[in-house]
């Protein structure tokens with residue numbers, strides 16, 4: 001049995017080693033996060049670009065979608081309703097993609113900041 005002073009000194013030394021290990025791991029994680037962030041083309045994921053893509057989708061595919069809605073007998077004479085349906089679908093799709101994009105970014109960040117512990121078994 002070690003005297004209390006020596007036991008305390010060993011515990012302090014052990015905690016200092018653990019602290020240094022944690023700091024080094026934090027630095028590696030920050031470096032990985034910066035590397036991933038620098039390689040991610042931000043213009044492809046930006047809100048304005050996403051809005052433009054959905055605007056293009058709405059304007060380019062609108063005629064085809066309206067023609068497809070014309071095949072439904074109940075909507076044949078309801079042009080305003082067809083336009084509202086089409087716009088609603090695009091808005092809901094945009095919101096869904098935007099939400100999914102945010103979720104994926106959060107998941108990637110969480111994974112990079114809290115990696116799974118390395119297994120000691122070889």
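In full-length UniProt numbering, the protein residues as written are 1 to 122.
Heads up, the beta-carbon is just placed ideally off N, CA and C, and yes, glycines get one too.
Computed from a predicted structure; not experimentally measured.
- Boundaries of the alpha helix (DSSP H) around residue 91: 79-113.
- One Cα belongs to residue 94, the other to residue 61, and the distance between them is close to 15 Å.
- If you look at residue 3, you'll find it isn't in any alpha helix (DSSP H); DSSP assigns it neither H nor E.
- Here residue 33 carries a helix assignment [DSSP, helix/strand/coil].
- C-alpha of residue 30 to C-alpha of residue 69: approximately 51 Å in a straight line.
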